[in-house]
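Just below is one structure, and these are the notes that go with it.
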Amino acid sequence: MATKRRASAVLALLMTSVVVLAGCSGGGEEAAPQSELYKDPVTLSWWHNASQDGPGKTYWEKVAKDFSALHPTVKIEIEAIETNQLQRTRLPAALLSSDPPDIFQAWGGGEMSEQVEADYLKEITDQTKTEVGDIGSAAEIWQVKGKQYGLPFRMGIEGVWYNKEMFAKAGIAAPPTTFEELNTAVTKLKAINVIPIAVGAGDKWPAAHWWYNMALRACSVDALKKASAEKNFDDPCFVKAGQDLKAFIDTKPFQPNFIATPGQNDPTSANGMLANGKAAMELMGDWNRGTLDTVTTDKAKLASFLGWFPVPAISGSPGDPKAALGGGDGFSCAKNAPAECVEFLKYIVSPEVQKGYAETGTGLPVAKGAADAVKDPALKSILEATSGASYVQLWLDTAYGSTVGNAMNDAIVAIFAGNGTPEKVVSAMKAAASK
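Residues -22 to -1, 1 to 413, numbered by mature numbering (1 follows the signal peptide of the UniProt record, and there is no 0), are exactly what the sequence shown covers, in order.
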């Protein structure tokens, strides 16, 4: 558990960079008296992104059934929706409507700030003080001006998932620690006719994460914090990030037709290529361990070759080489959801449910003590890297909010497609920020 507590301390550095955290905590909507809970029949609609058949989806079904068994007056109706559809299309439309889901996936940061400003979310500060205290600083990403509007169930940093057998065959003795070493690894993998890196640019955000990591290396921590807090992208490091990305793309490290490849859908997607031995590497978050299992044709073989390493440093760049990109998944309740929604949210992040989540191998839990249930070697590597990170920057599209985030991702993917420029990425971010 010491590792998880240190990880939370590292993540606290991130929180100072997110503008939504300013203000004083306290207040909140008045909690329903315990005597009024579970008296009348209630149906909760729950939207989450574990849309592929596998341990994550199965576990959420169990969690819903277990909660209903504890509270027979509560029925939970689940809709599992693919992440892109949920975050970019279905959820925004539902929140605009008069009938949003009661509890739904929430990523915090600037995106949550926009939802709170639009009065979409239920404030849960007073009802969740115990849970927030147990989770620690990671819960602050789901705060706006010091008030709680959601709770995380998963938190971790991003890195490169790789095939250890392919590395050995190519003569790569150890995972790369610098981009120079990564470029050498790409060359060696090409020499044995292996696709070095799979990327799902068809879903945009998996490709955009390469730019995010270039920015993490090109920008100082102060520049990153200023960008998150003020939506100020004047520092030349953001153009440099695009230049570094273009130079990397020009080495041709990705699979053919990467611009149309989906991220995590099936064996033909980017993570399907890694899972089935069609590519040697993929940049992705800690949740990838679970999604890889859903797209592989041989889980035992996948487990035998799968490894993970932190995103390499760029020699001579002003960015902190031990900084990492990260974030999590959480849930929020709609503004007018019944009080039982908050109780279900608290149940999801309870220690026992979090331990069960850790045992699925689909991500890293946030509750104290639950990390002890993580058994997968790659996920353990991520826990160790998180504890050793000097600074953790929230996913940039989440930190900057959906308006800037969507414009940024579109402009980054244009670089991948060959019709964008580093300068146009920054211009798009500035234009979106001014709206």
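Note that the Cβ used here is the ideal one computed from N, Cα and C, for glycine as well.
None of the values given here were measured: they were computed from a predicted structure.
Fill in: Buried or exposed (CB count within 10 angstroms, at least 16 for buried), Ala317
buried
Worksheet item: Distance, Cα to Cα, Asp31 vs Asp244?
Response: 11 Å
Practice prompt. Give the DSSP-derived three-state secondary structure of Asn141 in the structure shown.
Written response: strand
Practice prompt. Could you say which of Cys319, Val327, Arg267, Val404 lies nearest to Tyr378 if we only look at CA atoms?
Written response: Val404
Worksheet item: What did DSSP end up calling Val172 once you bin it into helix, strand or coil?
Response: coil
Item to complete: Go ahead and label Gly4 buried or exposed: buried means 16 or more other beta carbons lie within 10 angstroms of its beta carbon, across all protein chains shown.
Response: The pLDDT assigned to Gly4 is 39, lower than 50, so where the model puts this residue is not dependable; a value taken from the coordinates is nonetheless given after this. Classification of Gly4: exposed, given that the 10 Å Cβ count is below 16.
Fill in: Identified DSSP bridge partners for Met259
Tyr140, Ile175
Worksheet item: Going by other Cβ atoms of all chains shown within 10 Å of its Cβ, with 16 needed for buried, is Glu401 buried or exposed?
Response: exposed
Worksheet item: Is Gly285 near the ligand COA, judged by its Cβ being under 6 Å from some heavy atom?
Response: Because no ligand of any kind appears in the structure shown, any question about the ligand COA cannot be addressed here.
Discussion item. Here's the rule I'm using: 16 or more other beta-carbon atoms within 10 Å means buried, otherwise exposed. How should Gln63 be labelled?
Written reply: exposed
Worksheet entry | Start and end residues, alpha helix (DSSP H) containing His187 | 183 to 196
Fill in: Separation of Val172 from Ala72, as counted between CA atoms
43 Å
Worksheet entry | Beta carbon of Ala389 nearer than 7 Å to that of Gly398 | yes
Worksheet item: What does DSSP give as the partner residues of Arg132 in its beta bridges?
Response: Asp307
Worksheet item: Per DSSP, Val370 forms a beta bridge with which residues?
Response: Ala302
Discussion item. Between which two residues does the beta strand (DSSP E) holding Gly396 run?
Written reply: Per DSSP, Gly396 belongs to no beta strand (DSSP E) and is neither H nor E.
Worksheet item: For Lys125, which three-state DSSP category applies?
Response: strand
Worksheet entry | Counted within 10 angstroms of its Cβ, other Cβ atoms place Ile170 as buried (16 or more) or exposed | exposed
Worksheet item: Three or more C-beta pairs closer than 8 Å, one from the stretch 360 to 378 and one from the stretch 74 to 92: is that the case here?
Response: yes
Worksheet item: Any chance the stretch 40 to 56 sits against the stretch 270 to 285, with 3 or more Cβ pairs inside 8 Å?
Response: no
Worksheet item: Tell me which same chain residues have a C-beta within less than 8 Å of the C-beta of Tyr127, skipping the five on either side of it?
Response: Ala84, Met90, Gln93, Val94, Leu99, Lys100, Glu101, Ile102, Trp120, Gln121, Ser310
Worksheet item: Could you give the distance in angstroms between the alpha-carbon of Thr229 and the alpha-carbon of Val110?
Response: 45 Å
Practice prompt. Alpha carbon to alpha carbon, how far is Lys353 from Gly304? Give it in angstroms, no decimals.
Written response: 21 Å
Fill in: Nearest candidate by alpha-carbon position, reference Asn266, set Ser365, Leu252, Met407
Leu252
Worksheet item: Taking the C-alpha atoms as reference points, what is the distance between Gln221 and Lys40?
Response: 47 Å
Fill in: First and last residue of the uninterrupted alpha helix (DSSP H) at Ala84
Taken as a continuous stretch (DSSP letters only), Ala84 belongs to no alpha helix (DSSP H), being part of the beta strand (DSSP E) at 81 to 84.
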